[in-house]
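Heads up: the structure comes next, in structure tokens.
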Amino acid sequence: MGYTDYMPPEVKQRIIQELVPGKQISLAHIIANPDKTLYTKLGLDPAVDYSRSAIGILTVSPAETAIIMADIALKSSGVEIGFVDRFSGSLIVTGTVSEVEAAINAILEYVKERLGFVICPITRT
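Using this note's numbering, the first residue of the sequence shown is number 48, and each one after it goes up by one.
This is the structure:
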């Protein structure tokens, strides 16, 4: 008999999830021509020309790598940093579609080749 065989049916089980940092980029996504509402809800610059804009979203582990990714993004293209969080490993960049794509490609290449990370493919909407 297992542990759950002794538990009355009205007792709820609690599940604890842990993040075990690996060296990986788990999300690299480009949103081309996002709606103005999305910019506003994300707290991004509302003065952007929405007809020529894009948002790039990346998630990385370990989270501190987001700082390095932000630096690479700024140095590799004309993007602006919309958000960077060294605690959750999130990075949002904005710019033209080609700028955002160039920044994400530069980030993926650097972390794969120089840092030995596992990377995911770039997705788009």
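Here a beta-carbon is modelled for each residue, glycine too, at the ideal position from N, C-alpha and C.
Cβ-Cβ separation, residue j to residue i (assumed contact under 8 Å), whole Å
i    : j    : result
S123 : A149 : 6 Å
Pick from the options that is closest to residue i, judged by C-alpha positions
i    : options          : result
T172 : N80, L74 and I72 : N80
G163 : V58, L74 and K70 : K70
Pair within 8 Å by beta-carbon distance, residue i and residue j
i    : j    : result
L138 : V144 : no
L105 : I154 : yes
I128 : A120 : yes
V126 : G142 : yes
G103 : V140 : yes
Cβ neighbours of residue i in the same chain (closer than 7 Å, five flanking residues each side left out)
i    : result
K159 : I166
R133 : A110, E111, A113 and I114
A117 : I128, V131 and L138
L91  : G129 and T141
Cutoff 8 Å; reference residue i; Cβ partners in own chain excluding five residues on either side
i    : result
I169 : A75, H76, I77, E148, I151, N152 and L155
S73  : T106, V107, S108 and C167
Same chain only: Cβ atoms within 6 Å of residue i, ignoring 5 sequence neighbours per side
i    : result
L85  : none
Y157 : I119
E146 : S124, G125 and V126
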